[in-house]
Amino acid sequence: MKFVPSLFAVSLAALGALAAPVEERGPPAHALSKQLYNRLTIKGLTRHTDKFQSFADANGGNRVFGSKGHNETIQYFVDQTKPYYDVTVQPATFNYTETVKETVEFADPSASSSQDEIKVKLMTYSSSTPEEGVTGEVAVIPNNGCKAEDYGEDVKGKIALVVRGECAFGDKATLAGKAGAVGVLVYNNEEGDVNGTLGGPVKGAAPAGGISKEHGELLKKLASEGKVTLKLTLVEFHEERSTANVCAQTKSGNKKNVIVVGAHSDSVVAGPGINDNGSGSAALLEVAHLFRNVKPKNSVRFCWWTAEEFGLLGAEHYVKNLSEEEKNNIALYLNFDMVASPNAINGVYSPSASAEGVDAPAGSTAIEKIFVDFFKEHHGYSTPSEFNGRSDYGPFIEAGIPSGGTFTGAEGIMTEEEAKQYGGQAGVAYDENYHAAGDTVDNLNHDFFLLHARAIGHAVATYSDSTADVDAEKGNSTNAKPIKSTLALPANAQVKPVYTACGSHAVYDM
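Mapping the sequence shown onto the numbering used here, position 235 (from 1) lands on 240, and the numbers just tick up by one.
Written out as structure tokens, the structure reads:
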């Protein structure tokens with residue numbers, strides 16, 4: 006559905022019965038943190054997620070950007086924050102895509118007795134095959150398919166098979182297209198499906214889809230034994246859609262040392278997105294609600310980003326349009342994406358866990374520590390999570406802004422050790438409903454939802470009072486080089502693979 010401009014007319018309607026705000030005078034950070042901790046409740050959090058669910062239920066079952074369900078979500082943030090904050094609505098127009106058809110099958114069903122039905126996921130912003138599909142021999146690409154010479158001269162008219170990793174999906178699709186491939190299948194380098202994006206339309210790229218490690222290795226084996234021919238059909242719908250970011254900033258506080266706290270507001274088309282990322286959105290909104298009468302030393306800016314699921318588009322648009330002075334005035338960025346997973350962990354973004362080539366700016370380790378210490382005190386455990394540029398912190402990291410945050414896990418699998426630490430189920434995904442219709446209010450882990458909301462409150466209380474730890478790590482220099490964390494990184498460190506949020510910032514697909 007097209008965007009309706011009048012949606013963003015600010016409503017000053019009564020907000021109903023709300024929890025009492027923390028005291029107006031900015032108390033010491035520790036006292037403010039304790040107040041927020043005690044006043045944050047699961048009832049306060051779920052009143053927002055219930056709203057998000059209702060927006061999805063009334064509008065086709067999702068809150069994908071540019072839809073009526075998402076527009077109502079955006080308006081809700083405006084209505085809830087406008088009476089107490091300086092609210093900015095930043096319009097933007099992005100390319101919307103939706104999968105029409107995604108199939109792959111053997112051209113000769115009798116080619117092998119070991120064939121299973123192969124499931125392919127069209128990569129967002131992929132070019133399309135003809136509606137009838139394309140047929141081609143499988144060409145196994147050596148290495149990671151990140152260099153032109155990997156494709157050789159015998160790829161023309163064939164379907165390239167390449168393993169995931171080392172470079173972006175868009176690079177692989179572009180190189181395959183330049184080599185004359187009629188399609189490219191990227192198979193996973195770990196268990197699970199590949200839900201990928203090219204980050205935007207890529208001229209000359211071959212139609213691209215992702216398949217599992219199991220099916221990729223099967224095709225590779227069959228190709229080594231003889232010619233294997235596939236029929237690949239990948240068709241995607243495109244249109245321009247209008248949408249918006251929303252930011253609500255405290256009316257007081259140092260505006261040259263701003264704390265930006267963000268969460269994405271959109272869902273995928275498959276479902277309502279209540280954990281991903283209604284949970285992060287709701288946690289920010291409830292913290293902002295309780296913080297509404299505080300007069301902090303440092304200004305706090307609560308932001309809800311649009312179109313994250315299509316490649317961090319909203320956050321990228323926001324950072325790209327900041328002036329140098331505005332960038333320099335941001336002390337740090339905190340990101341919260343999925344904080345109520347059913348089989349949850351206490352994930353903390355860690356420079357030590359960062360993907361190769363993705364360095365968190367100096368100051369990020371100090372942010373990591375504040376969350377590690379919080380979880381140590383209030384739960385006992387935390388798990389380092391990878392900075393890989395696939396969530397909304399990506400544009401902020403690229404801009405040199407110290408970043409951090411928490412998450413409770415996506416489609417990754419819980420380990421035995423994590424199950425002992427967190428009381429979860431080993432061998433099961435952190436969120437089995439990730440990017441699916443089942444990501445509803447019934448998908449929320451209330452215990453971890455409240456714990457992570459309290460972690461957000463603690464960070465906001467702390468940094469709204471002082472950013473001394475971050476400043477010390479930066480050396481008070483806006484040009485401080487990225488550094489690696491000195492915090493210990495366990496061998497079983499887990500990462501959040503947000504494959505659909507892999508825009509131009511994502512150099513690596515791991």
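Cβ coordinates follow ideal geometry from the N, Cα and C atoms, glycine included.
- Between the stretch 346 to 365 and the stretch 462 to 469, the count of C-beta pairs closer than 8 angstroms stays below three; the two stretches do not touch.
- The three-state secondary structure of Pro212, taken from DSSP, is coil.
- Following the DSSP letters along the chain, one finds Thr388 inside the beta strand (DSSP E) bounded by residues 388 to 391.
- In this structure, Val292 and Leu41 form a Cβ contact; the two beta carbons are roughly 7 angstroms apart against a cut-off of 8 angstroms.
- Under the criterion of beta carbons closer than 8 angstroms, Val251 and Val94 qualify as touching, at roughly 6 angstroms.
- Judged by DSSP in its simplified three-state form, Pro96 adopts strand.
- Straight-line measurement puts the Cα of His451 at about 23 angstroms from the Cα of Glu373.
- In this model, Phe296 and Phe99 are separated by some 32 angstroms (Cα to Cα).
- Within the stretch 421 to 448, the alpha helix (DSSP H) runs of at least 4 residues that lie entirely inside it are, in chain order, 421 to 427.
- In the structure shown, Asp113 falls within a coil segment according to DSSP collapsed to helix, strand and coil.
- Lys163 and Gly182 do not touch by the CB rule: their CB atoms are close to 12 angstroms apart, not below 8 angstroms.
- A Cβ-Cβ contact shorter than 7 angstroms links Glu314 with Asp271.
- Contact annotation: Gly368 and Pro400 have beta-carbon atoms that are not nearer than 7 angstroms.
- As DSSP reads the structure, Phe412 sits in a beta bridge with Gly352.
- By alpha-carbon distance to Asp447, the top candidate from Ser355, Ala345, Gly417 is Ala345.
- Residue range 234 to 254 is occupied by the beta strand (DSSP E) that includes Phe242.
- Only residues of its own chain outside the window of five on either side were considered, and among them Tyr192 have a CB closer than 6 angstroms to the CB of Gly221, listed in chain order.
- Per DSSP, the unbroken alpha helix (DSSP H) holding Thr86 starts and ends at 73 to 86.
- Contact between Gly205 and Gly71 does not hold, since their C-beta atoms are separated by about 16 angstroms, which reaches or exceeds 8 angstroms.
- Positions of the beta strand (DSSP E) runs, each at least 3 residues long and wholly inside the stretch 141 to 229, are given as 164 to 168, 188 to 192, 213 to 216 in order along the chain.
- Val69 is not a Cβ neighbour of Val324, given a cutoff of 7 angstroms.
- With 16 or more other Cβ atoms from the protein chains shown falling within 10 Å of its own Cβ, Pro347 counts as buried.
- Within its own chain, the residues whose Cβ lies closer than 8 angstroms to the Cβ of Leu45, once the five positions on either side in sequence are excluded, are Glu291, Val292, Leu295, Leu455, Ala458, Arg459, Gly462, listed in chain order.
- If you draw a straight line from the Cα of Glu195 to the Cα of Leu37, it is about 43 angstroms long.
- Contact between the stretch 132 to 152 and the stretch 232 to 240 is present: 3 or more CB-CB pairs across the two stretches fall below 8 angstroms.
- For Leu45, no beta strand (DSSP E) segment is defined, and its DSSP state is neither H nor E.
- Between Leu180 and Tyr156, the CB-CB gap stays under 7 angstroms.
- Taking all protein chains shown into account, Gly209 has fewer than 16 neighbouring C-beta atoms within 10 Å of its C-beta and is therefore exposed.
- For the 7 angstroms CB-CB criterion, His384 and Asn351 form a contact.
- For Leu455, the enclosing alpha helix (DSSP H) covers residues 451 to 470.
- Between the alpha carbons of Gly394 and Glu403 lies a distance of about 9 angstroms.
- For the pair Thr445 and Ile279, the CB atoms are nearer than the 7 angstroms cut-off.
- For Gly399, there is no enclosing beta strand (DSSP E); the residue is part of the alpha helix (DSSP H) that begins and ends at 398 to 403.
- Going by beta carbons, Phe376 and Thr411 fall inside the 7 angstroms limit.
- Per DSSP, reduced to three states, the secondary structure at Leu339 is strand.
- With 16 or more other Cβ atoms inside 10 Å of its own Cβ, Ala415 counts as buried.
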